[in-house]
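Per full-length UniProt numbering: the sequence shown = residues 1 to 218. The beta-carbon is built from N, C-alpha and C at its ideal position, and this holds for glycine as well. Structure first, commentary second.
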Amino acid sequence: MKFFIDTANLADIKEAQDLGILDGVTTNPSLMAKEGITGEKNILKHYKDICKIVEGDVSAEVISTDFDGMIKEGKALAKLNDQIVVKIPMTKDGVKACKYFSENGIKTNVTLVFSVGQALLAAKAGATYVSPFLGRLDDISTDGLNLIEEIRLVYDNYLYDTQILAASIRHTMHIVNCAKIGADVMTGPLSSIMGLLKHPLTDIGLAQFLADHAKGNQ
Ligand code: E4P
């Protein structure tokens, strides 16, 4: 399972990268705004800075909602670095843009996916990644994990190459459950990744080992 971090915060990206388990980064316009990154020039520079920290794929989202705008923007983003994956919304123009990019060797991540039908369209349009938002489904009392499971089934039925990128991860159990289902990738905040480290018995056991070692050396 690939681990992506879902943030535009450079310190968080560095921390996950330093742990040695990071495979990529996803961002979105809200995450960029949260870091105070505004204006085209600054946004493009920020993507370049992220690419310098990580070796894997970095999703950069288009703001345009029409086909021509998405193509223009996506091409400019893809030119920044080979690591860039053009993130496109699941709309009619988004599906058309996804098809165009996949035919032109540009990696894509179809975002804001909330149903199996949408995921099927993304795969047929040749998306590199599809991003079902499980946390946002959970937020409205709908089973987000069930969606990941159903997309897995459909993609396996037809051996689609599109990778399931479980997005809108909120906590460690989302990651664990996505791994059980067989999501290809998960993207979550640093806290959800670091949460995987925690177990009280690890802390208790380590404290005991160190105490016994110290006694033996007295
Ligand atoms: C996906 O790529 C999105 O950036 C993200 O996972 C959305 O998460 P949220 O629902 O926590 O905003």
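Among the options, the one whose alpha carbon lies nearest that of residue i
{"i": "Asn81", "options": "Glu103, Met1 and Asp57", "result": "Asp57"}
{"i": "Ile43", "options": "Phe114, Thr27 and Glu55", "result": "Thr27"}
{"i": "Lys34", "options": "Asn9, Ile181 and Cys51", "result": "Asn9"}
{"i": "Cys51", "options": "Glu150, Asp66, Phe67 and Ala78", "result": "Ala78"}
{"i": "Gly20", "options": "Glu55, Thr38, Asp49 and Ser30", "result": "Glu55"}
{"i": "Asn177", "options": "Leu159, Leu190 and Arg152", "result": "Arg152"}
{"i": "Lys92", "options": "Asp66, Phe114, Pro189 and Asp161", "result": "Asp66"}
{"i": "Leu134", "options": "Pro189, Tyr158, Ala125 and Gly144", "result": "Gly144"}
{"i": "Gly39", "options": "Val130, Asp23 and Ile63", "result": "Ile63"}
{"i": "Ile164", "options": "Thr128, Leu197 and Gly195", "result": "Thr128"}
{"i": "Asn157", "options": "His174, His171, Leu120 and Thr187", "result": "Leu120"}
{"i": "Arg170", "options": "His213, Tyr155 and Leu190", "result": "Leu190"}
{"i": "Met90", "options": "Ile106, Gln83, Val116 and His174", "result": "Val116"}
{"i": "Ala16", "options": "Leu197, Gly205, His213 and Asp212", "result": "Leu197"}
Between the CA atoms of residue j and residue i - distance to the nearest angstrom
{"i": "Ile193", "j": "Ser168", "result": "13 Å"}
{"i": "Gly182", "j": "Lys45", "result": "34 Å"}
{"i": "His199", "j": "Ala207", "result": "13 Å"}
{"i": "Asn155", "j": "Asp68", "result": "Residue identity differs from the one stated: residue 155 is Tyr in this sequence, not Asn. Distance between the alpha carbons of Tyr155 and Asp68: 29 Å."}
{"i": "Ala125", "j": "Asp12", "result": "33 Å"}
{"i": "Gly216", "j": "Phe209", "result": "11 Å"}
Short CB-CB distance (under 8 Å) between residue i and chain B
{"i": "Pro200", "result": "Absent from the structure: chain B. Only one protein chain is present."}
Residue range of the beta strand (DSSP E) that includes residue i
{"i": "Ser59", "result": "Asp57 to Glu61"}
{"i": "Asn109", "result": "Thr108 to Val113"}
Alpha helix (DSSP H) segment containing residue i, residue limits
{"i": "Asn157", "result": "Gly144 to Tyr158"}
{"i": "Ile193", "result": "Leu190 to Met194"}
{"i": "Phe4", "result": "Not the alpha helix (DSSP H): Phe4 falls in the beta strand (DSSP E), residues Lys2 to Asp6."}
Nearest-angstrom beta carbon gap, residue j and residue i [assumed within contact, 8 Å]
{"i": "Val85", "j": "Val113", "result": "Contact doesn't hold; Cβ gap of about 15 Å is too wide."}
The segment 88-102 contacting the segment 136-143, beta-carbon criterion three pairs below 8 Å: no
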